[in-house]
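Scroll down for the structure; my scribbles are underneath it.
There are 2 protein chains.
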Amino acid sequence: MHRGYLQQAVELAIENVKCNGGPYGALIVRQGEIIAACANGVTRDLDPTAHAEVLAIRHACRNLQDYQLTGCVLYTSCEPCPMCLGAIYWARLESVYYACSRDDAAAAGFDDRFIYEQIALLPGRRSIPMHYLELADAGLPFNVWQQNVAKKPY
Amino acid sequence: MHRGYLQQAVELAIENVKCNGGPYGALIVRQGEIIAACANGVTRDLDPTAHAEVLAIRHACRNLQDYQLTGCVLYTSCEPCPMCLGAIYWARLESVYYACSRDDAAAAGFDDRFIYEQIALLPGRRSIPMHYLELADAGLPFNVWQQNVAKKPY
């Protein structure tokens, strides 16, 4: 069962390359039903966040009219990059199955493994430096959020 | 200059909470021009990937008609979560400035720090388990990609 869905994700990836897209595909399944099936859309959509997994999460949420995907399983042709891993946690998926690794992606010229290595560094030491700046009211958004009784936690 | 843009990101976050949205805001600036200014849209858009930084990257790419943001700087009210950090690398931004930390976010009930901790674990040991499955043609998407002379590398 898992193998069949994963095979479909790989086939989506192959088809996408034939249309000059990135070599990645992903499926989201809930209780035996395919909720979303997407291939990488970065160059087509002019959107660096349009990885197959992110697109599948967005489509599945639209289909279910929810911003969480509890009880859903993701099948992806390659190990999720850190961006997609974060998206998987925010969407609260149940589990993930993948067919290639970050090393396979690196061998094909993609930055997945490099980004995993960058995360472990101190923010200011990364190749894209991330600087903390002290602002007097930096904490105000969180304060207002915690006091807002009408908020939708996510 | 950096402080002024960062202050605007914080103000976007505060305004967003007043509309019952998440307490985050982000700006993308290139050569003194604001290319995108977005607040968190997770609950509004029913999209768990609609963090302020991701939305700002998508909008900036649409405005510049490109899938990379070389030479652009991101200002964000809070340290980017792993999803946004990945998006920042894929977009090839120049640098990032932030006003709150992952610990501030955790204190307000958000999972940023937790996700940073999860990344360091072996895939199968994470709270959302990620399983490698061996497939005969798993490497085919990357092979076809490398042979495709019409591909757009990203």
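Just so you know, the sequences run in chain order F and L.
For the first sequence, the working numbering assigns the number 1 to the initial residue and increments by one for each residue that follows.
For the second sequence, the working numbering assigns the number 1001 to the initial residue and increments by one for each residue that follows.
From the three backbone atoms N, C-alpha and C, an ideal C-beta is built for every residue, glycine too.
As an exercise, report each continuous beta strand (DSSP E) stretch of at least 3 residues that is fully enclosed by the segment 1094 to 1144 of chain L, in chain order. If we require 3 residues or more, the beta strand (DSSP E) runs fully inside the segment 1094 to 1144 of chain L come out as 1095 to 1100, 1130 to 1132.
Can you pull the chain L residues whose beta carbon is under 8 Å from the beta carbon of VAL10/F, in chain order? As a first step, residue 10/F must be located in the first sequence, where it is residue number 10. Result: LEU1135, ASP1137, ALA1138, LEU1140, PRO1141.
Would you say LEU122/F lies against chain L (beta-carbon separation less than 9 Å)? Working through the first sequence from its first residue, we reach residue 122/F at position 122. No, its Cβ sits nowhere closer than 9 Å to a Cβ of chain L.
Looking at chain F, is there any beta carbon in it that lies within less than 9 Å of the beta carbon of GLN1031/L? What you label residue 1031/L is simply residue 31 of the second sequence in a count that begins at 1. No, GLN1031/L does not count as interfacial toward chain F.
Output, in sequence order along the chain, the residues in the segment 1058 to 1071 of chain L whose CB is closer than 9 Å to any CB in chain F. Within the segment 1058 to 1071 of chain L, the residues whose Cβ lies closer than 9 Å to some Cβ of chain F are ARG1058, CYS1061, ARG1062, LEU1064, GLN1065, ASP1066, TYR1067, GLN1068, LEU1069, listed in chain order.
Is LEU1027/L helix, strand or coil when you go by DSSP? Position 27 of the second sequence, counting from 1, holds the residue named residue 1027/L. In the three-state reduction of the DSSP assignment, LEU1027/L falls in the strand class, which pools E and B.
Would you give the residue range spanned by the beta strand (DSSP E) that CYS33/F belongs to? As a first step, residue 33/F is located in the first sequence; it is residue number 33 there, counting from the start. Reading off the sequence shown, one finds Glu at residue 33/F, where the question assumed Cys. For GLU33/F, the enclosing beta strand (DSSP E) begins and ends at 33 to 39.
Within a Cβ cutoff of 7 Å, which residues of the same chain sit near TYR1154/L, ignoring the five residues on either side of it in sequence? Here residue 1154/L is taken as the residue at index 154 of the second sequence, counted from 1. Once the five neighbours on either side are set aside, the close Cβ partners of TYR1154/L are TYR1067.
Residue closest to ARG125/F, alpha-carbon to alpha-carbon, out of ALA1107/L, ARG1126/L, SER1095/L: Within the first sequence, numbered from 1, the residue matching residue 125/F stands at position 125. Comparing Cα positions, the closest option is SER1095/L.
Cβ-based neighbour list, ASP1112/L, same chain, cut-off 6 Å, excluding 5 preceding and 5 following: As a first step, residue 1112/L is located in the second sequence; it is residue number 112 there, counting from the start. CYS1081, ARG1102, ALA1105.
Those residues which DSSP pairs with LEU69/F across a bridge: Against the first sequence, residue 69/F aligns to sequence position 69. For LEU69/F, DSSP records no beta bridge to any residue.
LEU1069/L and ILE1119/L: beta carbons closer than 9 Å? Position 69 of the second sequence, counting from 1, holds the residue named residue 1069/L. Position 119 of the second sequence, counting from 1, holds the residue named residue 1119/L. No, the Cβ-Cβ distance between LEU1069/L and ILE1119/L is not below 9 Å.
6 Å Cβ shell around GLU168/F - same chain, five flanking residues per side excluded: Only positions 1 to 154 of chain F appear in the structure, and residue 168/F is not among them; the question remains open.
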